[in-house]
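Novice:
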Amino acid sequence: MPPKFDPHDSSVVVIVGSGAGGGTLANELAKKGVSVVVLEAGRRMEMTEFQNDEIGMFGAFTWLDPRTSSGSWYVAKSSADLPAWTCKLVGGTTVHWGACALRFQEHEFKTRTRYGAIAGASLLDWPIDLNELAPYYDRAEMRMGVTGTHGIPRLPASAHGKVLFAGAKKLGYTKYWTTNMAINPVPRDGRAGCQQTGFCVQGCTFGAKWSTLYVDIPQAEATGKAEIRPESQVLRIEHDASGKVTGVVYADRTGALQRQNARIVAVAGNSIESPRLLLNSSSSLFPQGLANSSGQVGRNYMRHVTSTVFAAFDKPVHMYRGTAQSGIVMDEARLDTSRGFVGGYNLELLPQGLPSFATNLLPGEWGRDRASWIDNYVNLAGVWIIGEDLAREDNRVTLHPDRKDKYGMPIPNVHVDDHPNDFAMQHHGFQQADALYQSIGAKRTVHHQPFPSTHNMGTNRMSENPRDGVVNKYGQSHDVKNLFVSDGSQFTSSGGENPTLTIVALALRQSEYIADQMRKGAL
Amino acid sequence: MRHMLLRELVGKFTRRGFLRAGAATVAAAAVGGAPLLTKATESGLSAEQSRTLVKFTRDLFPHDRLDDSFYAKAVAPLGDEAAKDAATRQLLAEGVAQLDSASIGLARKPYTEVTDETIRIAAIKKIEGGAFFSKVYNGTMTPLYNQPELWAKFGYEGPSSAQGGYRDRGFSDIPWLPQ
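These protein sequence lines map, in sequence, to chains H and D.
At position 199 of the first sequence the residue is numbered 199 (the numbering used here), and the sequence of numbers has no breaks.
At position 136 of the second sequence the residue is numbered 659 (the numbering used here), and the sequence of numbers has no breaks.
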């Protein structure tokens with residue numbers, strides 16, 4: 001039975017959020033014997049509630065609380081009220097993630113050194129490098145069951161993947177295969193093997209895909225050391241006169257305010273909610289927001305540079321069949337400034353079911369030409385360009401000056417201005433994806449501008465020097481020793497890879513540090 | 524689900540019960556022409572207004588393989604909303620009048636009586652970007668394309684988990700692709 005901790009119990013570690021960072025940290029700390037209370041804003045869904053229903057599941061678990069956006073980026077025009085597509089439930093965004101589990105590359109930890117001083121960007125090297133993180137990547141891959149690593153076989157290629165690979169081969173690419181996925185190809189670790197349903201993003205009905213919802217959270221509870229409180233939205237982190245955090249105030253499922261004392265607080269609410277919470281926890285001691293003496297909280301918000309290309313063939317592809325994102329071309333992920341941009345990008349399969357495809361196609365357009373794409377739905381193939389987004393100080397999450405949510409907490413605004421590097425990379429990606437599909441007979445292609453961001457990084461970045469960022473190499477606040485950040489908001493750069501594996505690796509490393517510091521009495 | 528329609532979707536999911544009400548209307552209208560018109564009249568739109576909206580929606584999202592019942596279902600949630608909300612009722616009524624007026628200007632006939640699609644398109648272009656256009660564009664797109672009966676007509680197979688996914692049902696089959 002999971003324990004029930006007393007609100008006055010100040011020996012517990014409070015973790016805000018239960019996704020890739022929070023869920024992993026909770027499991028690891030609980031297994032080390034540390035008492036943990038996880039406060040999750042969303043409700044707890046059962047796997048049996050997942051439906052193969054794109055529209056319905058979007059409504060069931062998307063974070064739909066009010067947000068605003070500003071800046072020159074496309075998303076601020078196309079979906080101003082929904083700048084990011086994140087989830088609000090136990091398990092967080094690990095419920096809908098595509099399960100691409102990629103490591104960052106060596107140079108992506110050293111962007112300032114390797115890319116130089118880029119005008120209009122605020123690049124910074126991470127205080128850790130690939131070597132230091134490699135053992136944690138190994139452990140993350142083992143526990144999540146990542147295909148293509150540690151002897152776990154790769155998933156078989158779908159028809160949709162075979163189209164991508166045939167084009168890649170024709171184009172002279174060499175680094176293409178079914179992606180390293182946190183999806184069991186065969187039963188493993190108490191979870192089923194992939195049944196190729198094509199509905200990864202709506203919640204895996206077979207549990208073949210790793211998610212903290214049904215992996216880490218139940219494991220943490222089984223230790224008897226972790227309590228999960230769903231529908232508990234943290235509004236403020238409190239501190240004592242010395243500046244140490246002492247607990248959190250949260251709204252429970254009835255809307256009533258509760259307080260939970262804490263020895264340590266770890267924030268893992270995704271790169272929009274985490275800085276929002278710190279900024280909303282300002283006090284006379286921390287007038288700019290908690291952990292924000294640097295003024296860096298909320299800054300350097302990064303999504304990825306993304307775009308989508310769909311290609312029409314004259315024969316069936318059935319892109320909706322099979323593991324959604326299980327195909328990748330990695331040849332463009334390298335650092336090669338002769339292409340006219342720094343950083344690199346991957347080409348990842350991006351299928352859409354008919355409802356998603358038809359409603360996302362060519363926004364604002366209508367008539368026969370648009371409809372002809374849908375008429376040809378079964379013959380389409382799709383690929384996602386996902387590349388490195390540069391840190392920019394003024395791309396940031398701030399508290400809205402006027403608007404508040406139902407608990408009176410200021411809503412977040414997400415501001416992004418595109419950098420010229422983004423457009424150069426996007427243009428290159430469009431050209432390459434077009435050429436790839438045309439090389440094997442595509443009749444035409446259509447380009448999509450970015451969707452709301454599913455990858456959200458930065459905003460509480462790691463730095464060697466406390467002046468340059470919010471947390472140190474362990475995700476520990478430079479200002480407040482018993483306050484940690486445990487999600488993708490720690491990222492100093494975005495890399496050109498999906499962020500989840502790195503979030504999990506950092507959480508594993510952080511759990512060791514926290515347990516060690518607690519043992520030593522330093523926390 | 525993403526892009527500008529998201530705004531519409533967010534609105535729907537946060538206006539409690541809206542989708543459920545829409546779905547009920549969809550079901551009621553599912554049987555085709557006459558029941559649809561009855562339902563639409565009940566919703567506060569005249570039969571002629573409903574016919575115009577169905578035609579307009581078809582012109583926005585034209586698929587010759589679909590009969591009018593699919594477009595009627597796409598329009599049904601708007602009628603449902605109009606029944607409850609006077610501002611929506613007015614917006615739709617005025618929009619239909621504008622569309623008719625544009626058609627009469629171009630072809631001396633109301634919109635539904637114009638058989639030449641290029642003229643109807645010219646009429647739509649005169650109102651494109653306005654509040655009525657956006658309301659119908661955003662309000663009918665998801666209800667149109669989220670009909671399971673429609674998916675099969677485009678070769679989309681819909682939910683697969685109950686059949687055990689595609690693992691043994693051809694997920695990797697693509698015989699035409701050169702090896």
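Positions of the beta carbon are idealized from the N, C-alpha and C atoms, including for glycine.
Do Trp-373 of chain H and Glu-348 of chain H have their C-beta atoms closer together than 7 angstroms?
Specialist: Cβ atoms of Trp-373 of chain H and Glu-348 of chain H: not closer than 7 angstroms.
Novice: Applying a beta-carbon distance threshold of less than 9 angstroms, which residues of chain D neighbour Arg-321 of chain H?
Specialist: Going along chain D in sequence order, the residues near Arg-321 of chain H (Cβ under 9 angstroms) are Glu-680, Ser-683, Gly-688, Tyr-689, Arg-692, Gly-693, Phe-694, Ser-695, Asp-696.
Novice: Taking a contact to mean a Cβ-Cβ separation below 7 angstroms, would you say Ala-291 of chain H touches Val-470 of chain H in this structure?
Specialist: Against a cut-off of 7 angstroms, the Cβ pair of Val-470 of chain H and Ala-291 of chain H comes out as a contact.
Novice: Which residue comes first and which comes last in the alpha helix (DSSP H) that contains Gly-23 of chain H?
Specialist: Taken as a continuous stretch (DSSP letters only), the alpha helix (DSSP H) holding Gly-23 of chain H covers 20-31.
Novice: Determine, using beta carbons only, whether Val-90 of chain H comes closer than 7 angstroms to chain D.
Specialist: Chain D contact via Cβ: absent.
Novice: Smallest Cα separation from Ala-685 of chain D: which of H:Val-297, H:Gly-198, H:His-8, H:His-400?
Specialist: The residue with the shortest Cα to Cα distance from Ala-685 of chain D is H:Gly-198.
Novice: Should Glu-73 of chain H go down as buried or exposed, given a rule of 16 or more other Cβ atoms within 10 Å for buried?
Specialist: Note on residue identity: the sequence assigns Trp, not Glu, to residue 73 of chain H. The residue in question, Trp-73 of chain H, is buried, as its Cβ has 16 or more Cβ neighbours within 10 Å.
Novice: Just the C-alpha distance for Pro-66 of chain H and Gly-343 of chain H, rounded to the nearest angstrom, thanks.
Specialist: Their backbone Cα atoms lie some 33 angstroms apart in a straight line.
Novice: When the distance is taken between beta carbons, is Arg-321 of chain H closer than 7 angstroms to Phe-677 of chain D?
Specialist: No. Outside cutoff.
Novice: Check for me: the alpha helix (DSSP H) holding Lys-170 of chain H runs from which residue to which?
Specialist: Where Lys-170 of chain H is concerned, the enclosing alpha helix (DSSP H) stretches over 159-170.
Novice: By Cβ distance below 7 angstroms, which residues in the same chain neighbour Ala-563 of chain D in space, the five residues on each side in sequence not counted?
Specialist: Here Ala-563 of chain D scores only 42 on pLDDT, less than 50, and its place in the model is too uncertain to base an answer on.
Novice: If you run the structure through DSSP and keep just helix, strand and coil, what is Glu-46 of chain H?
Specialist: Correct three-state label for Glu-46 of chain H: coil.
Novice: Report, in whole angstroms, the separation of the C-beta atoms of Leu-29 of chain H and Ala-515 of chain H, which I expect to be a contact under 8 angstroms.
Specialist: At roughly 7 angstroms, the Cβ-Cβ gap stays under 8 angstroms, so Leu-29 of chain H and Ala-515 of chain H are in contact.
Novice: Got a sec: is the Cβ-Cβ distance from Thr-663 of chain D to anything in chain H below 7 angstroms?
Specialist: No, no contact with chain H.
Novice: Taking all protein chains shown into account, do 16 or more other C-beta atoms lie within 10 angstroms of the C-beta of Leu-583 of chain D, making it buried, or fewer, making it exposed?
Specialist: Leu-583 of chain D should be labelled buried.
Novice: Can you name the residues of chain H whose CB is closer than 7 angstroms to the CB of Ile-644 of chain D?
Specialist: Here the neighbours are Gly-367.
Novice: Beta-carbon separation of Ser-493 of chain H and Gly-21 of chain H under 7 angstroms?
Specialist: No, these two residues do not count as a Cβ contact at 7 angstroms.
Novice: Going straight from the alpha carbon of Gly-120 of chain H to that of Leu-277 of chain H, what length do you get?
Specialist: If you take the alpha carbons of Gly-120 of chain H and Leu-277 of chain H, they lie about 27 angstroms apart.
Novice: Hey, is Tyr-115 of chain H's beta-carbon within less than 7 angstroms of any beta-carbon in chain D?
Specialist: By this cut-off, Tyr-115 of chain H is not an interface position.
Novice: With 16 other CB atoms within 10 Å as the buried threshold, where does Gly-545 of chain D fall?
Specialist: Any reading at Gly-545 of chain D is ruled out, since the residue's pLDDT is 35, under 50, leaving its predicted position unreliable.
Novice: For Lys-77 of chain H, which residues does DSSP report across the bridge?
Specialist: None; Lys-77 of chain H has no bridge partner.
Novice: Could you tell me whether any Cβ in chain D is nearer than 7 angstroms to the Cβ of Gly-198 of chain H?
Specialist: Closer than 7 angstroms: yes.
Novice: Per DSSP, what kind of secondary structure is Met-425 of chain H in: helix, strand or coil?
Specialist: The answer is helix: DSSP assigns Met-425 of chain H an H, G or I state.
Novice: Is Gly-387 of chain H near the ligand ADP, with its Cβ less than 6 angstroms from a heavy atom?
Specialist: This structure lacks the ligand ADP; in fact it carries no ligand of any kind.
Novice: Grab me the residues of Asp-9 of chain H's own chain with a C-beta within less than 7 angstroms of its C-beta, minus the 5 sequence neighbours each way, in chain order.
Specialist: Hits under 7 angstroms: Asn-261.
Novice: Any beta carbon from chain D within less than 7 angstroms of Val-378 of chain H's own beta carbon?
Specialist: Yes, because at least one Cβ of chain D sits closer than 7 angstroms to the Cβ of Val-378 of chain H.
Novice: Can you tell me whether Ser-284 of chain H is buried or exposed, with buried defined as 16 or more other CB within 10 angstroms of its CB?
Specialist: Exposed, because fewer than 16 other Cβ atoms sit within 10 Å of the Cβ of Ser-284 of chain H.
Novice: Where does Cys-550 of chain H fall in DSSP's three states?
Specialist: Chain H is shown only over 1 to 523; residue 550 of chain H falls outside these bounds and no answer can be derived.
Novice: Give me the residue from D:Asp-623, D:Ala-625, D:Ala-620, D:Leu-615 with the minimum Cα distance to Ser-657 of chain D.
Specialist: Minimum Cα distance to Ser-657 of chain D is reached at D:Leu-615.
Novice: At a CB-CB cut-off below 9 angstroms, which residues of chain D make contact with Arg-52 of chain H?
Specialist: Checking the sequence, you will find Asn at residue 52 of chain H rather than Arg. Neighbours of Asn-52 of chain H on chain D, chain order: Gly-681, Pro-682, Ser-683, Ser-684, Ala-685.
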